[in-house]
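Below is one structure, written out as structure tokens, with a few remarks after it.
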Amino acid sequence: MKTKFKPLILATSLVALGLGAAANAHAAAYAVSTHNLQAGFINPLVNGSTNFTSPLLTVNFPSATSTASYSLNGSGTNSSDTGPLPDAVAQSGGIVRANEDVTGGYYNLVGASGSNYAWGDAIVLSEQTSPTTTISARSGVEANIGSIGYGQASADNSSSALFTMSVTAGGSCGDGTNTCALGFYFEADPFLRALLDPLALANPASFAKASIDFSITLTKVGDLVPTFAWAPDGLAGGIFGGTETLDGESLNVSATALSPGDDVTASSPYASGVFSKFAAQTGNLSSGQYNLTIRAGNRVEVQRTVPEPGSLALLGLGMAGLAALRRRKAA
């Protein structure tokens with residue numbers, strides 16, 4: 453038995469289906485990644501005790517670099533590497549954002565919205581220039597694609613704070629009598645979020661991704677393989693050439709939203725003021741010169757797609773049907 457449909461019902465149904473498919477075929481995509489680091493301290497350890505004056509282990513305190521960049525259907529970049537306290541001026545597209553727009557030490561976030569924007573910012577707030585000063589820095593990136601009508605839109609951010617220093621271990625280090633090592637301590641409060649609108653139609657071309665990374669590496673001049681490498685992951689391990697005593701949470705983690713309604717966070721809530729603690733120590737260093745690098749980085753990437761061709765065709769078919777019915781009635 454065949455089912456009969458009235459022309460008007462069929463046409464309006466096609467329009468409704470087309471509109472519904474079109475509305476659901478694009479995803480509002482949002483991602484944010486921030487990094488706050490404080491109380492960072494590097495300890496020269498000679499024979500197991502902190503010693504900033506021993507000729508056996510000389511530490512030239514770090515210089516720093518901060519960078520920030522964004523891409524929003526285009527590109528923008530900024531880099532600052534001069535002065536004792538580098539500050540990468542905020543880079544933004546789609547919004548006007550002041551450099552170091554913060555409240556209580558945390559970047560003020562824009563949040564998910566119907567607009568398209570992207571920004572990145574980073575600053576080294578203090579360096580360990582003496583045995584009594586500490587390292588602190590923050591970096592953040594945020595991007596959102598929310599407008600309707602773009603064939604394809606994407607945003608990409610990265611920012612980082614980089615510390616480099618040289619370490620010289622004297623000829624008596626590692627001689628069987630004297631031991632030389634470096635100890636590290638810092639506190640961190642990261643935050644990640646990746647979101648796709650709950651009404652979004654599952655589409656592999658729509659996504660939101662956020663990630664952070666943090667690492668400390670010590671490499672002897674002339675060597676290809678680091679003497680010490682540490683990438684805190686919130687678990688026992690994640691270290692080479694040393695021992696880890698505190699690892700409060702992962703600082704090498706990502707959040708990804710691929711399906712409608714995905715809202716993935718890490719280390720929430722944001723701006724809580726609760727900092728995790730981290731500590732580690734290198735193994736015994738042999739005599740020679742070393743380069744030390746501490747890096748904290750952030751990255752977000754979001755993309756949104758327009759209606760599938762099939763949904764547009766369905767919408768067009770429905771509109772054509774309504775137009776034909778109107779012409780018949782007019783006749």
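The sequence shown begins at 453 in our numbering and counts up by one. Where is the CB? At the ideal position from N, CA and C, for every residue including glycine.
Nearest-angstrom beta carbon gap, THR584 and GLN741 [assumed within contact, 8 Å]:
In fact, because the Cβ distance is near 25 Å, the residues do not count as touching under 8 Å.
Candidates PHE730, LEU509, ASN750: which alpha carbon is nearest GLU696's?
Taking only the C-alpha atoms, the option nearest GLU696 is PHE730.
ARG549 (DSSP reduced to helix, strand or coil)
For ARG549, the secondary structure class from DSSP, reduced to helix, strand or coil, is coil.
Smallest Cα separation from ASN743: which of SER515, HIS487, LYS672?
Comparing Cα positions, the closest option is LYS672.
Short of 6 Å in beta carbon distance, which residues of its chain neighbour VAL511, apart from the five on each side in sequence? Order them along the chain.
Same-chain partners within the cutoff: PRO496, VAL619.
Let me make sure I understand the geometry here. Which of SER719, GLY566, LEU577 has the alpha-carbon closest to that of LEU537?
Nearest option by C-alpha distance: LEU577.
Hey, GLY598 and SER565 are a contact pair by Cβ (cut 8 Å); roughly how many whole angstroms apart?
Correct: roughly 5 Å between the Cβ atoms.
Closest residue to GLU753 among LEU524, PRO721, GLY626 (Cα-Cα distance):
Comparing Cα positions, the closest option is LEU524.
Run of the beta strand (DSSP E) containing ALA723, from where it starts to where it stops:
Per DSSP, ALA723 belongs to no beta strand (DSSP E) and is neither H nor E.
For ASP649, report the span of its beta strand (DSSP E) as first-last.
Going by DSSP, ASP649 is part of no beta strand (DSSP E) at all; its letter is neither H nor E.
Pick from LEU561, ASP553, THR529, PHE636 that is closest to PRO721, judged by C-alpha positions
By alpha-carbon distance to PRO721, the top candidate from LEU561, ASP553, THR529, PHE636 is LEU561.
Starting from the C-beta of GLY601, find all residues in its chain whose C-beta is less than 6 Å away, skip the five residues before and the five after it, and write them out in chain order.
Low confidence applies here, because GLY601 scores a pLDDT of 31, under 50, leaving its location unreliable; read the following figure in that light. Within the same chain, no Cβ atom closer than 6 Å to the Cβ of GLY601 is found once the five residues on either side in sequence are excluded.
State buried or exposed for LEU508, treating a residue as buried only when at least 16 other CB atoms are found within 10 Å of its CB.
The residue is buried, with at least 16 neighbouring Cβ atoms inside 10 Å.
Does GLU410 come out as helix, strand or coil in the three-state DSSP assignment?
Residue 410 lies beyond the residue range present for the chain, which begins at 453 and ends at 783; the question has no answer from this structure.
Beta-carbon gap between LEU634 and ILE664 smaller than 8 Å
At a Cβ-Cβ threshold of 8 Å, LEU634 and ILE664 do not count as neighbours.
Thinking just about the alpha-carbon of each residue, which of GLU701, GLY622, ILE691, THR517 is nearest to the one in ILE575?
Ranked by Cα distance from ILE575, the options GLU701, GLY622, ILE691, THR517 are led by THR517.
Please go through the same chain and pick out, in chain order, the residues whose beta-carbon is closer than 7 Å to the beta-carbon of ALA662, but skip the five residues on each side of it.
Its chain contains ALA483, VAL484, SER485, LEU644, ARG645, ALA646, SER706, ALA707, VAL752 as the residues whose beta carbon lies nearer than 7 Å to that of ALA662, once the 5 sequence neighbours on both sides are disregarded; these appear in chain order.
Measuring straight from C-alpha to C-alpha, what distance separates ILE668 and ALA718?
Straight-line Cα distance between these residues: approximately 22 Å.
To which residues of the same chain is CYS625 closer than 7 Å at the C-beta, ignoring the five residues directly before and after it?
Here the set comprises LEU508, LEU509, CYS632, LEU737, SER738, SER739.
Along the chain, where does the beta strand (DSSP E) containing GLN490 start, and where does it finish?
Boundaries of the beta strand (DSSP E) harbouring GLN490: 481-498, taken from the DSSP string.
Paired residues, beta bridge with SER578 - DSSP
According to DSSP, SER578 bridges with SER588.
Does the Cβ of VAL673 lie closer than 7 Å to at least one heavy atom of the ligand NAP?
By its list of ligands, the structure shown contains no ligand whatsoever, and the ligand NAP lies outside what it can speak to.
Limits of the beta strand (DSSP E) - the one that CYS632 falls within:
Note, CYS632: beta strand (DSSP E), 632-640.
So is ARG756 buried or exposed if we call it buried at 16+ other beta carbons inside 10 Å?
ARG756 should be labelled buried.
Have a look at SER724 and THR629 and give me their C-alpha separation to the nearest angstrom.
In a straight line, the C-alpha of SER724 is about 47 Å away from that of THR629.
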